[in-house]
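Here the structure is laid out as structure tokens; the discussion comes afterwards.
2 protein chains.
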Amino acid sequence: MTQRAAHVPALAEAFREHGFAGASVATLCAATGLGKGSLYNFFPGGKEEMAAAVLADLDAWFTACVFEPLRAARAGDPAAVGAMFDAVTAYFRSGRRVCLQGAFALGRERDLFAATIDGYFERWIASLAAALRAAGHGEQAARLAAVEAVAAVQGAIVLSRALADPEVFLQVIERSRARLSAPLA
Amino acid sequence: MTQRAAHVPALAEAFREHGFAGASVATLCAATGLGKGSLYNFFPGGKEEMAAAVLADLDAWFTACVFEPLRAARAGDPAAVGAMFDAVTAYFRSGRRVCLQGAFALGRERDLFAATIDGYFERWIASLAAALRAAGHGEQAARLAAVEAVAAVQGAIVLSRALADPEVFLQVIERSRARLSAPLA
DNA sequence: GTCTATACAGTGATAGAC
DNA sequence: GTCTATCACTGTATAGAC
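So the protein lines, in turn, are chains A and B.
Everything in the first sequence is counted per the working numbering, starting at 36 for the first residue and increasing by one.
Everything in the second sequence is counted per the working numbering, starting at 36 for the first residue and increasing by one.
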């Protein structure tokens, strides 16, 4: 079981690079260094089970490293939101790395993993909104600002990859960060 | 030649739904109602040429309906920016429709169509920045605001599809619209 | 558990009848 | 120009030797 988990990061990178439809089993074998037999031994459900394992892994990482710190934000302390921007900037490598949930959302893969993808973004928004409320924003304002900020991160990834310019990612993130740290109206 | 162009919108819709790697020639035949022979007669280069034709078609549409109106914005007239938001909201069907250039940017297709994708977003940003300058923004401020706004549109598409909620698209767009129409600091 | 061998459906693409 | 038939190949998935 822990053997299986050890190969999940390599699968994640392969899916990020090639997409779900574009990643063949041969690709995934090369990425993990395993033969087809071994891969199917760990993931009898094939590609779909591999992608599900990857999404679960990403979910766990974001929950521990992004969502829970946001939830833990104490009243009047705005540092948690800034820490989130630092974490996603590092994680997405300034836009060089793709958000798999976001990429899947744009394609047919969305139907396969609808609940997982929906839950990921919903919890991201909800935890960010909680941190914003702790920082003094009202209920509805916090939710809307959180939606906008998560969209900004996703858009920053798309745009910086399209222009092949990590600087664009940083620009968008910094604007979003400044906006959420700005004094309340 | 006009025969060929007539089938491009159907190909566009197929690529939007299935992605580039996910759209098989059989899929594209079904979408256009043509046999393989006919498709290859129009597009000897296969899928790649079909996608290139689709991107060129989208490029022409955006140039005529979005980029040029932005360029035509006269000094002191902020209506052009608002018209852009209306146009993209209609075009992307409140996030139900995907931006093909954005979706391609996230995957390996980016390498195949790098110049086209880069040019599309670069001209979107540049024309929006021109309209913002016409509305009174400074050079650098206009560029940064344009980058942020285009990213917001892309992020809105990703997020609204992920949550299967067109309302999210509208929320993000309205925030972006309000921000760009706000009085200058 | 790991690999090799294999099954067989589906792929992109071409040739040729009409 | 359009289709059908067919090509060689790659796809996912399984079976079985080790």
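Glycine included, C-beta positions come from ideal geometry on N, C-alpha and C.
Predicted model only: the values in this text are computed from it and were never measured.
Which residues in chain B have a C-beta closer than 7 angstroms to the C-beta of residue 175(A)? List them in chain order. Counting from one through the first sequence, the residue named residue 175(A) turns up at place 140. Ordered by position in chain B, no residue passes the 7 angstroms Cβ test against residue 175(A), which lies about 11 angstroms from the chain.
Among the residues of its own chain, which have a CB less than 7 angstroms from the CB of residue 181(B), if the five just before and after it don't count? Residue 181(B) sits at position 146 when you count from the first residue of the second sequence. Closer than 7 angstroms at the Cβ level, and outside the excluded window around residue 181(B), lie 160, 163, 164 and 167.
Pairwise C-alpha distance: residue 138(B) and residue 48(A): Here residue 48(A) corresponds to residue number 13 of the first sequence, with the count starting at 1. Here residue 138(B) corresponds to residue number 103 of the second sequence, with the count starting at 1. The alpha-carbon atoms of residue 48(A) and residue 138(B) are separated by roughly 18 angstroms.
Classification of residue 88(B) by the beta-carbon crowding that lies within 10 angstroms, buried from 16 upward: Within the second sequence, residue 88(B) is the residue found at index 53, counting from 1. Counting Cβ neighbours within 10 Å, residue 88(B) comes out buried, since at least 16 surround it.
For chain A, find out if any of its Cβ atoms is closer than 9 angstroms to the Cβ of residue 156(B); answer yes or no. Position 121 of the second sequence, counted from the first residue, corresponds to residue 156(B). Yes, its Cβ sits closer than 9 angstroms to a Cβ of chain A.
Which runs of the alpha helix (DSSP H) fall wholly inside the segment 127-151 of chain A and span at least 4 residues, in chain order? 135-141 and 144-147
To the nearest angstrom, how far is it from the Cα of residue 56(B) to the Cα of residue 42(B)? For this step, residue 56(B) is matched to residue 21 along the second sequence. For this step, residue 42(B) is matched to residue 7 along the second sequence. C-alpha separation (whole angstroms): 19 angstroms.
Which of helix, strand or coil DSSP assigns to residue 94(A): Mapped onto the first sequence, residue 94(A) falls at position 59. The answer is helix: DSSP assigns residue 94(A) an H, G or I state.
is_contact[residue 52(A), chain B] using C-beta, thresh 9 angstroms: Locating residue 52(A) in the first sequence gives position 17, counting from the first residue. Judged by the 9 angstroms Cβ criterion, residue 52(A) is in contact with chain B.
Within 9 angstroms of any Cβ in chain B, is that where the Cβ of residue 212(A) sits? Position 177 of the first sequence, counted from the start, is the residue given in the question as residue 212(A). No, residue 212(A) lies away from the interface with chain B (no Cβ there is under 9 angstroms from its Cβ).
Mind checking residue 174(B): buried by the 16 CB within 10 Å criterion, or exposed? The count along the second sequence starts at 1 and reaches residue 174(B) at position 139. It is exposed - the Cβ of residue 174(B) has fewer than 16 other Cβ atoms within 10 Å.
Of the choices 71(B), 77(B) and 61(B), whose alpha-carbon is the least far from that of residue 40(B)? Translated into positions along the second sequence, residue 40(B) becomes position 5. Cα-wise, what sits closest to residue 40(B) is 77(B).
When the Cβ atoms of the segment 140-152 of chain A are set against those of the segment 184-203 of chain B, are three or more pairs found closer than 8 angstroms? yes
N-terminal and C-terminal residue of the alpha helix (DSSP H) that residue 64(A) is part of: As a first step, residue 64(A) is located in the first sequence; it is residue number 29 there, counting from the start. Segment 60-67, the alpha helix (DSSP H) holding residue 64(A).
Could you give the distance in angstroms between the alpha-carbon of residue 205(A) and the alpha-carbon of residue 124(A)? Locating residue 205(A) in the first sequence gives position 170, where the first residue counts as 1. Locating residue 124(A) in the first sequence gives position 89, where the first residue counts as 1. If you take the alpha carbons of residue 205(A) and residue 124(A), they lie about 8 angstroms apart.
Would residue 55(A) pass as an interface residue toward chain B - the criterion being a Cβ-Cβ separation below 9 angstroms? What you label residue 55(A) is simply residue 20 of the first sequence in a count that begins at 1. It does: the Cβ of residue 55(A) has a partner Cβ on chain B nearer than 9 angstroms.
Interface flag, residue 168(A) vs chain B, CB-CB below 9 angstroms: Translated into positions along the first sequence, residue 168(A) becomes position 133. No, residue 168(A) lies away from the interface with chain B (no Cβ there is under 9 angstroms from its Cβ).
Round the Cβ separation of residue 187(B) and residue 186(A) to the nearest angstrom and send it over; I've been treating them as touching at under 8 angstroms. Residue numbering aside, residue 187(B) sits at position 152 when the second sequence is read from its first letter. Residue numbering aside, residue 186(A) sits at position 151 when the first sequence is read from its first letter. Residue 187(B) to residue 186(A), Cβ: 6 angstroms. Contact.
Would residue 82(A) pass as a contact of residue 101(A) if the rule is Cβ separation under 9 angstroms? By one-based count along the first sequence, residue 82(A) stands at place 47. By one-based count along the first sequence, residue 101(A) stands at place 66. Not in contact: residue 82(A) and residue 101(A) (Cβ atoms no closer than 9 angstroms).
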